[in-house]
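Novice:
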Amino acid sequence: MRYGKTSLALLMSLFLFACASYTPKSEVGGSAGVPAAPSGDMRAVAWTQVDGWQDDSLIGADAALLQNCSKLSQQPNWRAPCAAAVQLDALDPEAIRAFFQRYFTPFELFNRDGSHTGLITGYYEPLLHGSRVRHGIYQTPLYHWPAGRPRGSLPARADLMRSGILRGNELVYVDDPIEAFFLQVQGSGQIELDDGTIMRVGYDGTNDKPYRSIGRWLIDHGDLSPAQATMQGIRAWARANPQRVAALLNVNPRFVFFREMPNDGVGGLEGPIGALGVPLTAQRSIAVDPRAVPLGSPVFLSTTRPAPGGVSGGPLTRLMFAQDTGSAIKGGVRADFFWGLGDQAGDIAGRMRQQGRMWVLLPNAQVLSEAAVSQ
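So the sequence shown is numbered by full-length UniProt numbering: it starts at 1 and just counts up by one.
1) How is the alpha helix (DSSP H) around Trp237 delimited, first residue to last?
2) If you drop the 5 nearest sequence neighbours on each side, which residues of the same chain put their C-beta closer than 6 Å to that of Pro93?
3) What does DSSP give as the partner residue(s) for His116 in the beta ladder?
4) Just to confirm the assignment, what range does the beta strand (DSSP E) spanning Ala292 have?
5) Exposed or buried, what is Ile137 when buried is set at 16 or more other beta-carbons lying within 10 Å of its beta-carbon?
6) Where does residue 377 fall in DSSP's three states?
7) How many angstroms separate the CA atom of Pro253 from the CA atom of Leu72?
8) Note down, in chain order, each residue of its chain lying with its Cβ closer than 6 Å to the Cβ of Gly268, except the 5 sequence neighbours on either side.
9) Run through the stretch 180-235 for me and flag every whole beta strand (DSSP E) of 3 or more residues, listed as ranges in chain order.
10) Thinking C-beta only, is Ile219 closer than 9 Å to Pro226?
11) Please identify the residue among Pro279, Arg353, Pro76 and Trp47 whose C-alpha is closest to the C-alpha of Arg200.
12) For a quick check, are the C-beta atoms of Thr281 and Phe321 less than 9 Å apart?
13) Within 10 angstroms of its Cβ, does Asp204 collect 16 or more other Cβ (buried), or is it exposed?
14) Based on the DSSP secondary-structure assignment, which residues constitute the bridge partners of His129?
15) Taking a contact to mean a Cβ-Cβ separation below 9 Å, would you say Gly152 touches Thr317 in this structure?
16) Take Gly114 and list the residues in its own chain whose beta-carbon comes closer than 8 Å to its own, dropping the five residues that flank it on each side.
17) Which whole-angstrom value describes the C-beta separation of Phe181 and Leu119, a residue pair presumed to lie in contact below a C-beta threshold of 8 Å?
18) At what residues does the beta strand (DSSP E) containing Glu260 begin and finish?
19) By Cβ distance below 6 Å, which residues in the same chain neighbour Ala90 in space, the five residues on each side in sequence not counted?
20) Could you work out which residue in Val45, Asn68, Leu65 and Asn77 is closest to Leu368 when comparing CA atoms only?
21) Less than 9 Å between the beta carbons of His144 and Asn169, yes or no?
22) Around the C-beta of Phe15, are 16 or more other C-beta atoms found within 10 angstroms, so that it is buried, or is it exposed?
23) Quick one: what's got a C-beta closer than 8 Å to Phe104's C-beta in the same chain, skipping five residues either side?
24) Given Asp347, which residues of its chain have a CB within under 8 Å of its CB, disregarding the five upstream and five downstream residues?
25) Determine the direct distance from the alpha carbon of Trp47 to that of Ser101, and round the result to whole angstroms.
26) Thinking just about the alpha-carbon of each residue, which of Ser188, Gly271 and Asn207 is nearest to the one in Ala64?
27) Could you pull out every residue in the same chain whose Cβ sits closer than 6 Å to the Cβ of Ile165, ignoring the five residues on either side in sequence?
28) Apart from the five residues just before and just after Asp55, which ones in its own chain have a Cβ nearer than 8 Å to its Cβ?
29) Return the bridge partner residues of Ile137 from the DSSP annotation.
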């Protein structure tokens, strides 16, 4: 949610360039099913023109669609597809493919300059280790919003840490200050507690200060090269320089607060909550610009997998769902790919900076309605 209500994806760029920092995804405008304002262009195409449409197994696509329908099914344009979606066989990919071809029309997305390729980045949900009680290795607190403090009233990180304002507002203690920082960048995550249970935390606001890149600071001070200023490189630097970590983190004046999220077997959440208000699905959810892509829409993505060394791997062609937003996500052909939970997902997300094409799938009822209005 970049922030789950989250912040990031552009992990590489976040570390290198302050201008790439996220704001909470759920705070970015746009109504479900309707673009907020023009930010690009889209053109109807035949299904045979959707590059890679036949290559996706579509496993899990029906579940992500049903998440969407929990928010969209009462909208007139979505009633028919959502009613039919509950009958889909999750193990029959061809039936799922036929469903989308029956109820939706593909539109290729374009940028304002007419180009049809754009930047595809990645984000993830961190998994940390912690305790509800401060002891042993669990010395780094995450905080909830200070009770009684109005929004916009808090100082920058360094002053905030010295002020005493945070005292008594500890939510949980984790074992690594750098991992806590990465969690602040993402805005949501899970914490494996020392009693064996899992605690999920979500975004609960910031001190409204600008983001400053710690990776850029390390480069400018000669501590890391640009190639080393990755999430993995910053972790390694912190392990080698523990006495300098606090000063490094204070370079960034922004401070993120958290709240505990439900995480039980009955009312809990499968993934972090995105801007649509539904749990994100690993490798099926993307963050988009809601001015260009109706929030909640299926979006077919054709890009490449990130590989070590900044090169591109094999093709990555998948049906995704526009369930999140982010301030760094601007334009028609622009998406942030949600990779899931944990370090492996984070490693892939941190390396993902690919070029790709996108097709938004609009409900046929919406297409026909807009065509009738335009006549």
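Built from N, CA and C at the ideal position, the CB exists for glycine as well.
Specialist: Based on what the coordinates show:
1) As a position in the sequence shown, residue 237 is number 237, starting the count at 1. Per DSSP, Trp237 belongs to the alpha helix (DSSP H) from Met231 to Ala240.
2) Stepping through the sequence shown from its first residue, residue 93 is reached at position 93. Contacts found: Ser57 and Leu58.
3) Looking up residue 116 in the sequence shown gives position 116. The partner list for His116 (beta bridge, DSSP) is empty, contrary to what the question assumes.
4) As a first step, residue 292 must be located in the sequence shown, where it is residue number 292. Neither: Ala292 is in no beta strand (DSSP E) and is coded neither H nor E.
5) Residue numbering aside, residue 137 sits at position 137 when the sequence shown is read from its first letter. The residue is exposed, with fewer than 16 neighbouring Cβ atoms inside 10 Å.
6) The chain is shown from 1 up to 375; residue 377 falls before or after that span and cannot be answered.
7) Counted from its first residue, the sequence shown places residue 253 at position 253. Counted from its first residue, the sequence shown places residue 72 at position 72. Rounded to whole angstroms, Pro253 and Leu72 show a C-alpha spacing of 38 Å.
8) On the sequence shown, residue 268 is found 268 positions in, with the first residue counted as 1. Residue confidence is low: Gly268 scores 47 on pLDDT, short of 50, so the model does not pin down where it sits. Its coordinate-derived value is still stated next. These residues qualify, in order along the chain: Pro262.
9) 189-193 and 198-206, all fully within the stretch 180-235.
10) What you label residue 226 is simply residue 226 of the sequence shown in a count that begins at 1. What you label residue 219 is simply residue 219 of the sequence shown in a count that begins at 1. Yes, the Cβ-Cβ distance between Pro226 and Ile219 is below 9 Å.
11) The residue given as residue 200 occupies position 200 in the sequence shown. Closest option to Arg200, Cα to Cα, is Pro279.
12) The sequence position of residue 281 within the sequence shown is 281, counting from 1. The sequence position of residue 321 within the sequence shown is 321, counting from 1. Yes.
13) Looking up residue 204 in the sequence shown gives position 204. Asp204 comes out buried.
14) Counted from its first residue, the sequence shown places residue 129 at position 129. Glu192.
15) By 1-based counting over the sequence shown, the position of residue 152 is 152. By 1-based counting over the sequence shown, the position of residue 317 is 317. No. Outside cutoff.
16) Here residue 114 refers to the residue found at position 114 when the sequence shown is read from its first residue. Same-chain partners within the cutoff: Asp41.
17) Against the sequence shown, residue 181 aligns to sequence position 181. Against the sequence shown, residue 119 aligns to sequence position 119. Contact flag wrong, Cβ pair sits at about 24 Å.
18) Position 260 of the sequence shown, counting from 1, holds the residue named residue 260. In the DSSP assignment, Glu260 falls within the beta strand (DSSP E) that extends over Val256 to Met261.
19) Here the question's residue 90 lines up with position 90 in the sequence shown. Residues of the same chain with a CB within less than 6 Å of the CB of Ala90, apart from the 5 flanking positions on each side, are Asp62 in chain order.
20) Here residue 368 is taken as the residue at index 368 of the sequence shown, counted from 1. Ranking Val45, Asn68, Leu65 and Asn77 by Cα distance to Leu368 puts Asn77 first.
21) Residue 144 sits at position 144 when you count from the first residue of the sequence shown. Residue 169 sits at position 169 when you count from the first residue of the sequence shown. Annotated as proximal: His144 and Asn169, with beta-carbon spacing under 9 Å.
22) Here the question's residue 15 lines up with position 15 in the sequence shown. Since pLDDT at Phe15 reaches only 42, below the 50 mark, its modelled position is unreliable, and the value read off the structure follows with that caveat. Buried, because 16 or more other Cβ atoms sit within 10 Å of the Cβ of Phe15.
23) As a working note, residue 104 is residue 104 in the sequence shown. Answer for Phe104: Pro81, Pro298, Leu361, Leu362, Pro363 and Asn364, listed in chain order.
24) The residue you call residue 347 lines up with position 347 of the sequence shown. In chain order, Met231 and Gln232 place their CB closer than 8 Å to the CB of Asp347, counting only its own chain and leaving out the 5 sequence neighbours on each side.
25) Counting from one through the sequence shown, the residue named residue 101 turns up at place 101. Counting from one through the sequence shown, the residue named residue 47 turns up at place 47. Per the sequence shown, residue 101 should be read as Gln rather than Ser. Cα to Cα, Gln101 sits roughly 8 Å from Trp47.
26) Within the sequence shown, the letter at position 64 stands for residue 64. When C-alpha distances from Ala64 are compared across Ser188, Gly271 and Asn207, the shortest belongs to Gly271.
27) One-based indexing of the sequence shown puts residue 165 at position 165. Excluding residues within five positions, the ones whose Cβ falls inside 6 Å are Pro146.
28) Residue mapping note: residue 55 aligns to position 55 of the sequence shown, counting from 1. Cβ within range, chain order: Pro315 and Thr317.
29) Numbered from 1 along the sequence shown, position 137 holds the residue referred to as residue 137. The partner list for Ile137 (beta bridge, DSSP) is empty, contrary to what the question assumes.
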